[in-house]
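Novice: What the sequence shown shows, in this note's numbering, is residues 225 to 483, in sequence order.
Got a structure for you, questions after.
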Amino acid sequence: MRGRAASLAWLALSVGCASVPTPLAPGARGSMGGPSYGVLLSPVALPKDAPGVRLLRPTNGRNFGTKGLVDTLLFAAAATRTREGGSPLVVGDMSGPRGGKLRGHASHRAGRDVDLLFFYTTPSGVPLESPGFVKVGPDGLAEVPGPARFARLDVPRTWALAKALLTSPHADVEWLFVAEWVEAMLLTHARAAGEPDHLLYRAANLMHQPKDSAAHDDHFHLRIACSDDELMVGCVHGGPDWPWRPVVALRDDAVPLDD
Ligand SMILES: [Zn+2]
C-alpha cells in the first residue's frame, strides 16, 4: 500500500506538480529540505539591475533564492554602497529556479545559499572594482592579474557587509563561511570600531571556516536559516539551532502532537 501511495505521489510530481514537492503540503513555500538535498519553491530572482548589486554571471540562471535571501542581499547592497566609488556588491551563484543539484556546488540547492565576493582597495587604500575570486592571505593582500599585482582586502567595507548580513531584518543567518584569518581581521576591526558585544559574539559564532571544503579565503558563503513557516513544512537548517533564534511554536492551525 505504501508503495502504491509512493508511486502515486511520484506520478503527481512528474505530471505537473513540479513546483510542489509533495501533494500532502500544496501550500508549502520557500526552502524545502537541506542545503545539500533540498529544493526551492516559489523562487524569487535577485534582479540583475538591483541598485548596488552586480551579478558575477548574469546569464547562468543561478540568481534564485527565497524571498528572505533576496531581501537580505538587497539590504546588504544598500548598507555597503559608498559615495567614494569602488565595486558594487558582487553576487556569485545562488540557486537555480527550482533549487536542486547545482553543478560545481555541494549545497546551494534549497534557495538559502549564496557566494558573495569581498570588497578590495589598492594597497594604498583606493577603492577598486572587484577583481573576482582572489585569495586573501593573512596579511590582507591578494595577488591580482595585471601590473598592480596586489589588492588589499577592504576590511571596513567587508565588515560592513558581514554586519548587514548578520543584522538583516529579512532572514536569520545560519552560517557565514569564511577563512579563519579573514574572520580574525574582520573581528579585530569590528572590536576596534566599537561594535556591541552581542554583535561580536554572534559574528564570532556565525563566521566559520568549513572543515569539509575550501577555506573560503576568496569569498563569503552565506547560508540563511529556514524561516519559521518553512520549518513547519520540512525546511532543514543545515546548522545548529542558535540560542538567539526564537523557538518555533506550533501555529494555531497546526495539529497538536499529542492528539
Ligand atoms: Zn557557495
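Idealized CB from N, CA, C, for every residue including glycine.
Would V360 be called buried (16 or more neighbouring beta carbons within 10 Å of its own) or exposed?
Specialist: So V360 ends up on the buried side.
Novice: Quick one: give me the first and last residue of the beta strand (DSSP E) that W468 is part of.
Specialist: Taken as a continuous stretch (DSSP letters only), W468 belongs to no beta strand (DSSP E), as it is neither H nor E.
Novice: Of the choices Q433, L326 and L340, whose alpha-carbon is the least far from that of L385?
Specialist: L340
Novice: Around the C-beta of N284, are 16 or more other C-beta atoms found within 10 angstroms, so that it is buried, or is it exposed?
Specialist: exposed
Novice: Does DSSP classify F444 as helix, strand or coil?
Specialist: strand
Novice: What is the residue span of the beta strand (DSSP E) that A505 lies within?
Specialist: This structure leaves residue 505 out entirely; the chain is present only between 225 and 483.
Novice: For M256, which of D465, G458, G463 and A438 has the nearest alpha-carbon?
Specialist: Comparing alpha carbon positions, the residue from D465, G458, G463 and A438 closest to M256 is G458.
Novice: For a cutoff of 8 angstroms on Cβ pairs, would you count K359 as touching chain B?
Specialist: No chain B is part of this structure, which consists of one protein chain only.
Novice: Would V350 be called buried (16 or more neighbouring beta carbons within 10 Å of its own) or exposed?
Specialist: exposed
Novice: So, helix, strand or coil for M431, using DSSP?
Specialist: strand
Novice: Are the stretch 332 to 347 and the stretch 373 to 389 touching by the rule of at least three beta carbon pairs closer than 8 angstroms?
Specialist: yes
Novice: Sorted by chain position, which residues of the same chain lie with C-beta nearer than 7 angstroms to P321's C-beta, five sequence neighbours on each side aside?
Specialist: P267, G285 and F288
Novice: For D421, list the residues DSSP reports as bridge partners.
Specialist: D421 pairs with nothing; no bridge assigned.
Novice: Work out the CA separation of P371 and S354 for me, nearest whole Å.
Specialist: Rounded to whole angstroms, S354 to P371 spans 16 angstroms at the Cα level.
Novice: Straight-line CA distance for V537 to E367?
Specialist: Given a span of 225 to 483 for the chain in the structure shown, any question on residue 537 remains unanswerable.
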